[in-house]
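The block underneath contains the structure these notes are about, expressed in structure tokens.
Chains as they are written, first to last, in the working numbering: chain A, 1 to 428; chain B, 1 to 122.
In structure tokens:
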């Protein structure tokens, strides 16, 4: 009796019997029992792998590899190390080589496509969905009115420059000039602190998403300690790696230079930076102690994604190794911006799910979602950041005045818009 | 974040990542490296009749080098990374500014190498 008729006799369906026969041939089994055993083994493997996939879904935003590379920040270390191997350790000896040119092209492309454009994901979301949120975040919206006023000032300044009305910008005789100077000096002075806060706050929030995904509820004390650590990292970063004018120039417009000078007088140059770094180390040690204590006492360990991300952040900001500059080449793009794009993609999918759309079932749907997310952002990035520069370069006579002031002021404006919209749109 | 990522999307993202990386590599890096190395490879010997050989009478063959210059798609790209690293190394307090995407844009479009403290950068 062959297997098909045997199954029919037992009441099994014909397709199932055919499937079993095919399975027996594919598994090279001699008897039906062997097929059963092999099937059980396969089922065991399948259930195990499906469990692993479900676990991964719970633990990571996209997938373990993607998250480790582009959300937790392994990519900058790998790319930085590769760059170090290619260029060598002696930075002063680096000349324009073909390998360096290839790296530059890669960096420029990634910087423009991923880094520059990520600012517009939150800006577009703010003007699209953010303003319809039930919670109004009135205090958070206040800076936007200030930024609109700054945008108007910049436009007037550009028009004045283009029309040759230079006197309009003169701070001695014109109210526009009087308004422009403190606005820009304040924006430039605060930029290091705001930039570091933007960087650290995003990493803190993404770490908390990992905690939320695994049901690791942070206590009030842990949240406070995390915030203190984050702000101490901001202070340490702003006074060590994000102060282009040196510590004396930072916050000069709000009178902090006197404080810095006083600190320097008491303990020598760089005292404030040393204090900030020391405090950050202490705050991080304290927070780490809290999490380890909880793990030891209650067997509740901090999710691995959050651990990798926060350790990475602290290492990149606090570790004073000169070789870290190779990693920093890629940190703004492949840690911060890629993290931002990941959150934007997840938020888009969350919105689509709320609108009742079925989960993606084809590659075309997936590609469509990516295009809907990426293309408007890239288009806006091109129009706002690059077209004015390209036009200014084409009109040669403007290039000295217009392109420089336009790009600095405009870049600051876009950054601050991104910073404030970020603080609204990713909230529930 | 309530949304749970599906396995399908995870695989698709990997596929897109590989595709985009490949396109970027093919578009930019490979031609540059290939052109750059062709500087060495194109040093193929060019046979010149012995009668015209005046420089080296001991040799019957003169080797000429054909130096092919790689097209400069992005202004300042040959020395860009070196300049960025050098800036950050000289003044560590400017590390983040030097690596910021706006500074990269400034290095391409600006007159002062992307330095916002001088102006003409961003």
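The beta carbon of each residue, even a glycine, is placed where N, CA and C say it ideally should be.
{"Check": "Is the beta carbon of residue 230 (chain A) less than 8 angstroms from the beta carbon of residue 276 (chain A)?", "Outcome": "no"}
{"Check": "Express the C-alpha separation of residue 91 (chain B) and residue 14 (chain B) in angstroms, rounding to a whole number.", "Outcome": "38 angstroms"}
{"Check": "Taking the alpha carbon of residue 101 (chain B) as the point to measure from, which residue in A:421, A:214, A:300, A:412 has its own alpha carbon closest?", "Outcome": "A:412"}
{"Check": "Could you check whether the Cβ of residue 189 (chain A) sits closer than 8 angstroms to any Cβ belonging to chain B?", "Outcome": "no"}
{"Check": "By the criterion of Cβ-Cβ separation under 8 angstroms, what are the contact partners of residue 333 (chain A) in chain B?", "Outcome": "101"}
{"Check": "Could you give the distance in angstroms between the alpha-carbon of residue 386 (chain A) and the alpha-carbon of residue 109 (chain B)?", "Outcome": "9 angstroms"}
{"Check": "Spatial neighbours of residue 342 (chain A) within its chain, please: CB distance less than 7 angstroms, with the 5 preceding and 5 following residues excluded, ordered by chain position.", "Outcome": "61, 62, 70, 71"}
{"Check": "Can you give me, in chain order, the residues of the segment 319 to 333 of chain A that have a beta carbon less than 9 angstroms from any beta carbon in chain B?", "Outcome": "320, 322, 324, 325, 326, 328, 329, 330, 331, 332, 333"}
{"Check": "Out of curiosity, what's the CA-to-CA distance linking residue 289 (chain A) and residue 222 (chain A)?", "Outcome": "10 angstroms"}
{"Check": "Starting from the C-beta of residue 151 (chain A), find all residues in its chain whose C-beta is less than 7 angstroms away, skip the five residues before and the five after it, and write them out in chain order.", "Outcome": "413"}
{"Check": "If residue 325 (chain A) and residue 96 (chain B) are in contact, beta carbons under 8 angstroms, what's the gap, nearest whole angstrom?", "Outcome": "Actually they do not touch by this definition, with Cβ atoms about 11 angstroms apart."}
{"Check": "Excluding the 5 residues flanking residue 114 (chain A) on each side, which residues of the same chain have their C-beta closer than 7 angstroms to its C-beta?", "Outcome": "333, 337, 338, 341"}
{"Check": "Give a yes or no on whether the C-beta atoms belonging to residue 203 (chain A) and residue 318 (chain A) are separated by under 8 angstroms.", "Outcome": "no"}
{"Check": "Taking Cβ positions only, does residue 19 (chain B) come closer than 8 angstroms to chain A?", "Outcome": "no"}
{"Check": "Please compile the residues from chain B whose C-beta is within a distance smaller than 8 angstroms of the C-beta of residue 339 (chain A).", "Outcome": "Chain B residues near residue 339 (chain A): none, gap ~13 angstroms exceeds 8 angstroms."}
{"Check": "If you draw a straight line from the C-alpha of residue 408 (chain A) to the C-alpha of residue 186 (chain A), how long is it?", "Outcome": "13 angstroms"}
{"Check": "Are the C-beta atoms of residue 23 (chain B) and some chain A residue less than 8 angstroms apart?", "Outcome": "no"}
{"Check": "Establish whether the CB of residue 307 (chain A) and some CB of chain B are separated by less than 8 angstroms.", "Outcome": "no"}
{"Check": "Residues in its own chain within less than 6 angstroms of residue 303 (chain A) by CB, not counting five upstream and five downstream?", "Outcome": "210, 211, 214, 216"}
{"Check": "Is the distance from the Cβ of residue 238 (chain A) to the Cβ of residue 196 (chain A) below 8 angstroms?", "Outcome": "yes"}
{"Check": "Nearest CA to the CA of residue 156 (chain A): which residue from A:180, A:146, A:142?", "Outcome": "A:180"}
{"Check": "Along chain B, in chain order, which residues have C-beta atoms closer than 8 angstroms to that of residue 91 (chain A)?", "Outcome": "82, 85, 86, 89"}
{"Check": "Quick one: Cα of residue 373 (chain A) to Cα of residue 348 (chain A), how far?", "Outcome": "8 angstroms"}
{"Check": "Do residue 100 (chain A) and residue 112 (chain A) have their beta-carbon atoms positioned less than 8 angstroms apart in this structure?", "Outcome": "no"}
{"Check": "State the DSSP-derived secondary structure class of residue 423 (chain A), mapped to helix, strand or coil.", "Outcome": "helix"}
{"Check": "Just how far apart, CA to CA, sit residue 278 (chain A) and residue 86 (chain B)?", "Outcome": "27 angstroms"}
{"Check": "So what does DSSP say about residue 206 (chain A), is it helix, strand or coil?", "Outcome": "helix"}
{"Check": "Quick check: the Cα distance between residue 81 (chain B) and residue 379 (chain A), rounded to an integer number of angstroms?", "Outcome": "27 angstroms"}
{"Check": "Is residue 306 (chain A) buried or exposed, if buried means 16 or more other CB atoms sit within 10 Å of its CB?", "Outcome": "buried"}
{"Check": "State the DSSP-derived secondary structure class of residue 76 (chain A), mapped to helix, strand or coil.", "Outcome": "helix"}
{"Check": "Which of helix, strand or coil does DSSP assign to residue 27 (chain A)?", "Outcome": "Annotation note: pLDDT 49 at residue 27 (chain A) (below 50); position unreliable, coordinate value reported separately. The answer is helix: DSSP assigns residue 27 (chain A) an H, G or I state."}
{"Check": "In chain order, what residues of the same chain have a beta carbon less than 8 angstroms from the beta carbon of residue 357 (chain A), not counting five sequence neighbours either side?", "Outcome": "none"}
{"Check": "In chain B, which residues lie less than 7 angstroms from residue 243 (chain A) when you measure between Cβ atoms?", "Outcome": "93"}
{"Check": "Can you tell me whether residue 355 (chain A) is helix, strand or coil according to DSSP?", "Outcome": "coil"}
{"Check": "Please list, in chain order, all residues of the same chain as residue 103 (chain A) whose beta carbon is under 8 angstroms from its beta carbon, the five residues on each side excluded.", "Outcome": "83, 86, 87"}
{"Check": "Using a Cβ-Cβ cut-off of 8 angstroms (strictly less than) and excluding sequence neighbours within five positions of residue 218 (chain A), which residues of its own chain qualify?", "Outcome": "208, 211, 226"}
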